[in-house]
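Q:
2 protein chains.
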Amino acid sequence: MTIPAEQRRIAADEVRLPPGLLPDGRSGRILVEALRLFAEYGFHDTSIRDLAKASGIRSATLYTHYPSKEHVLAELIRLGHEAHHTALAAALPGTAPGSAERLAALVRAHVLGCARYPLLASIANSELHALSPGLAAPSLLLRADSRQMMLDTINLGLDAGVFDVPDPFLALTAIAGMGIRVANWYGSATPYTPEDIADSYAAFALRLAGARA
Amino acid sequence: MTIPAEQRRIAADEVRLPPGLLPDGRSGRILVEALRLFAEYGFHDTSIRDLAKASGIRSATLYTHYPSKEHVLAELIRLGHEAHHTALAAALPGTAPGSAERLAALVRAHVLGCARYPLLASIANSELHALSPGLAAPSLLLRADSRQMMLDTINLGLDAGVFDVPDPFLALTAIAGMGIRVANWYGSATPYTPEDIADSYAAFALRLAGARA
DNA sequence: GTCTATACGTAGATAGAC
DNA sequence: GTCTATCTACGTATAGAC
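In order, the protein sequences belong to chains A and B. The first sequence begins at 90 in my numbering and counts up one residue at a time. The second sequence begins at 90 in my numbering and counts up one residue at a time.
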């Protein structure tokens with residue numbers, strides 16, 4: 090039932106969510122419990138009955154709130170992508186396109202989200218394959234746009250001469266990838282705040298991109 | 090049945106494995122098919138019947154080769170961790186402890202494995218939670234040792250003054266994390282060879298660690 | 001080693017009363 | 001909205017013949 094710490098997909102042990110992201114009442118409660126169970130055991134190893142029990146209802150009642158188990162997952166993944174995209178977009182104002190400051194702000198927002206809301210980030214990044222194409226589509230659009238924001242920032246910085254990398258796409262994958270993994274290892278046992286990690290990783294990203302010192 | 094490209098957990102579309110890693114005959118064939126199915130759909134969404142059909146046998150026959158579906162996964166994950174650990178250990182000779190060359194060699198080995206054998210790397214890193222503790226134990230030992238190799242390298246490099254980072258653990262998570270993600274995005278559609286990526290990421294790691302230029 | 005046949009539990013989802 | 005009861009399909013695994 091309980092997975093040993095070293096084998097868990099995520100180290101975090103509390104469900105945290107962006108304020109106001111979820112609906113009130115039972116529908117919201119179901120999403121919270123689904124987030125916890127899907128992140129820990131995976132979508133396919135969590136049954137409707139598991140989810141209902143954790144939510145304090147019977148399995149049949151779940152269907153008055155969501156048409157299927159897949160729709161519950163889809164809603165969580167969509168909300169996760171939206172929160173992520175919103176955070177990145179909010180990081181742009183106040184920074185010049187293609188500046189080192191803009192890249193630092195984007196990385197900080199990316200990593201902060203992964204550290205503050207690791208369950209949400211983990212599900213959004215690891216369970217998308219379980220959705221039918223129609224339910225995955227909104228998240229894919231947001232994901233493509235978030236990615237483009239970061240790639241544009243790297244490319245414009247290269248044009249402006251503030252960065253120095255042989256291949257901008259590889260820099261993107263490295264910077265984005267190290268941030269995504271934070272959702273897996275960050276937990277209450279670590280001595281860092283999410284802000285600590287976001288700042289450190291932003292500095293790493295600037296070094297990696299060869300930003301002028 | 091088939092997952093759209095943008096939703097797949099891994100971009101690779103061919104099963105590649107270190108030469109000689111798997112047994113010959115039917116037992117090996119089962120592992121190859123399990124690798125493909127588990128990596129694509131996940132352990133819990135692949136049934137014994139799916140696996141048997143892909144292997145060219147009936148589901149009952151599978152039990153003459155492995156005692157359970159979980160044992161098939163355990164074997165794959167163990168082999169993956171062994172291949173990874175062996176590759177890291179083989180990178181050490183010829184480099185001085187704590188040197189920038191050693192970190193570069195370790196990162197190159199790490200990333201090369203993730204790019205050459207993405208299915209194996211992906212499963213080893215994302216399905217460990219599905220194993221009972223007894224079956225996961227051998228892999229956990231190898232994982233801890235691999236991690237320590239990299240952490241020692243960073244710490245000794247700091248002592249020697251060849252690196253410059255405020256927090257070695259955060260550098261470790263960033264360097265290891267960006268490499269692990271390569272298994273997810275690298276595929277035949279990208280214009281890079283695994284060696285290209287390994288070299289680029291090794292350079293990124295040195296920059297990130299503040300290696301003297 | 002491989003098969004056919006099957007046991008037995010649990011999965012997702014629905015019917016209809018309250 | 002929530003329940004009890006239930007449908008039907010599929011899950012892992014086993015029995016026993018060849």
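C-beta: ideal position from N, C-alpha, C; glycine also. Please read all numbers here as calculations on a predicted model, not as lab measurements.
I need the DSSP call for Tyr-130 (chain B), collapsed to helix, strand or coil.
A: Position 41 of the second sequence, counted from the first residue, corresponds to residue 130 (chain B). Tyr-130 (chain B) falls in the helix class under three-state DSSP.
Q: Quick one: list the residues of chain A neighbouring Glu-164 (chain B), beta-carbon separation under 8 Å, in chain order.
A: As a first step, residue 164 (chain B) is located in the second sequence; it is residue number 75 there, counting from the start. Neighbours of Glu-164 (chain B) on chain A: none; closest Cβ ~16 Å, over 8 Å.
Q: Ordered along the chain, which non-local residues of its own chain (more than five positions away) have a Cβ less than 7 Å from that of Thr-184 (chain A)?
A: One-based indexing of the first sequence puts residue 184 (chain A) at position 95. The residues are Glu-190, Arg-191 and Ala-194.
Q: Return no unless some Cβ of chain A is closer than 7 Å to the Cβ of Asp-134 (chain B).
A: As a position in the second sequence, residue 134 (chain B) is number 45, starting the count at 1. At least one chain A Cβ lies under 7 Å of Asp-134 (chain B).
Q: Against chain A, with Cβ distances strictly below 7 Å, would Leu-297 (chain B) count as a contact?
A: Mapped onto the second sequence, residue 297 (chain B) falls at position 208. Yes, Leu-297 (chain B) counts as interfacial toward chain A.
Q: Evaluate contact between the segment 215-232 of chain B and the segment 287-302 of chain B, counting only Cβ atoms and requiring at least three cross-stretch pairs below 8 Å.
A: Not touching, per the Cβ criterion.
Q: If I measure Cβ to Cβ from Gly-117 (chain B) and keep anything under 8 Å in the same chain, skipping five residues before and after, which residues do I get?
A: To locate residue 117 (chain B), count along the second sequence from 1; it is residue 28. Same-chain partners within the cutoff: Leu-111.
Q: Taking only beta-carbon atoms, is His-199 (chain A) less than 7 Å away from chain B?
A: Mapped onto the first sequence, residue 199 (chain A) falls at position 110. Answer no: the Cβ-Cβ gap between His-199 (chain A) and chain B never drops below 7 Å.
Q: Within 10 Å of its beta-carbon, does Leu-230 (chain B) have 16 or more other beta-carbons around it, so buried, or fewer, so exposed?
A: Here residue 230 (chain B) refers to the residue found at position 141 of the second sequence. Exposed, since its Cβ has fewer than 16 Cβ neighbours within 10 Å.
Q: Answer with buried or exposed for Met-90 (chain B), where buried requires no fewer than 16 other C-beta atoms within 10 angstroms of its C-beta.
A: Taking the second sequence and counting its residues from 1, the one referred to as residue 90 (chain B) is at position 1. It is exposed - the Cβ of Met-90 (chain B) has fewer than 16 other Cβ atoms within 10 Å.
Q: Go ahead and pull the three-state DSSP assignment for Phe-68 (chain A).
A: The displayed coordinates of chain A run from 90 to 302. Any statement about residue 68 (chain A) would go beyond what the structure contains.
Q: Counting only the same chain and skipping the five closest in sequence on each side, list residues whose C-beta sits under 7 Å from that of Leu-126 (chain A).
A: By 1-based counting over the first sequence, the position of residue 126 (chain A) is 37. So the list reads Thr-135, Asp-139, Leu-140 and Ala-143, once near-sequence residues are dropped.
Q: Quick one: which chain A residues come within Cβ less than 9 Å of Gly-187 (chain B)?
A: Stepping through the second sequence from its first residue, residue 187 (chain B) is reached at position 98. By Cβ distance, chain A contributes nothing, its closest Cβ being about 19 Å from Gly-187 (chain B), past 9 Å.
Q: Tell me the DSSP secondary structure of Arg-97 (chain B) in three-state form.
A: Walking along the second sequence from the start, residue 97 (chain B) turns up at place 8. Three-state DSSP puts Arg-97 (chain B) in coil, outside helix and strand.
Q: As an exercise, report each continuous alpha helix (DSSP H) stretch of at least 4 residues that is fully enclosed by the segment 136-203 of chain B, in chain order.
A: Runs found: 137-144, 148-151 and 158-180.
Q: Mind listing which residues of the segment 211-229 of chain B have their C-beta closer than 8 Å to chain A's C-betas, in chain order?
A: Flagged, chain order: Ser-215, Leu-217, His-218, Ala-219, Leu-220, Pro-222, Ala-225 and Leu-229.
Q: Beta-carbon within less than 6 Å of Ala-213 (chain B)'s beta-carbon, same chain only, minus the 5 sequence neighbours each way: which residues are those?
A: Counted from its first residue, the second sequence places residue 213 (chain B) at position 124. Once the five neighbours on either side are set aside, the close Cβ partners of Ala-213 (chain B) are Ile-166, Gly-169 and His-170.
Q: Which of the residues in the segment 93-109 of chain B, read from start to end, lie with their CB under 8 Å from any CB of chain A?
A: Those would be Pro-93, Glu-95, Gln-96, Arg-97 and Arg-98, in chain order.
Q: Which bits of chain A does Met-267 (chain B) rub up against, with CB to CB less than 7 Å?
A: Locating residue 267 (chain B) in the second sequence gives position 178, where the first residue counts as 1. The answer, in chain order, is Ala-263, Gly-266 and Met-267.
Q: Rounded to a whole number of angstroms, what is the C-alpha to C-alpha distance between Pro-257 (chain B) and Leu-245 (chain B)?
A: As a working note, residue 257 (chain B) is residue 168 in the second sequence. As a working note, residue 245 (chain B) is residue 156 in the second sequence. Those two C-alpha atoms are separated by around 10 Å.
Q: Give the residues of chain A in contact with Arg-270 (chain B), contact being defined as C-beta atoms less than 9 Å apart.
A: Numbered from 1 along the second sequence, position 181 holds the residue referred to as residue 270 (chain B). Those are Thr-262, Ala-263, Ala-265, Gly-266, Met-267, Ile-269 and Arg-270, listed as they occur along chain A.
Q: DSSP three-state label for Leu-240 (chain A), please.
A: Position 151 of the first sequence holds residue 240 (chain A). Correct three-state label for Leu-240 (chain A): helix.
Q: Which residues of the segment 249-260 of chain A have a Cβ closer than 8 Å to any Cβ of chain B? Give them in chain order.
A: Listed by position, the residues of the segment 249-260 of chain A near chain B (Cβ gap below 8 Å) are Pro-255, Asp-256, Leu-259 and Ala-260.
Q: Counting C-beta neighbours from all protein chains within 10 Å, is the total for Gly-114 (chain B) 16 or more, i.e. buried, or is it exposed?
A: On the second sequence, residue 114 (chain B) is found 25 positions in, with the first residue counted as 1. Label assigned to Gly-114 (chain B): exposed.
Q: Assign Arg-115 (chain B) to one of three DSSP states: helix, strand, or coil.
A: On the second sequence, position 26 is the one that residue 115 (chain B) refers to. Helix, per DSSP.
Q: Is Phe-127 (chain A) close to chain B, meaning its C-beta is less than 7 Å from at least one C-beta of that chain?
A: Here residue 127 (chain A) corresponds to residue number 38 of the first sequence, with the count starting at 1. No, its Cβ sits nowhere closer than 7 Å to a Cβ of chain B.
Q: Okay, do the segment 235-252 of chain B and the segment 240-254 of chain A touch, 3+ Cβ pairs below 8 Å being the bar?
A: The answer is no - the segment 240-254 of chain A does not touch the segment 235-252 of chain B, with fewer than three Cβ pairs under 8 Å.
Q: Between which two residues does the alpha helix (DSSP H) containing Ser-211 (chain B) stretch?
A: Within the second sequence, numbered from 1, the residue matching residue 211 (chain B) stands at position 122. Start and end: 207-215.
Q: For my contact list, Asp-172 (chain B) and Gly-202 (chain B) are in at a C-beta cut-off of 8 Å; report their separation, rounded to the angstrom.
A: Here the question's residue 172 (chain B) lines up with position 83 in the second sequence. Here the question's residue 202 (chain B) lines up with position 113 in the second sequence. Per the sequence presented here, residue 172 (chain B) reads as Ala, with Asp not at that position. Correct: roughly 7 Å between the Cβ atoms.
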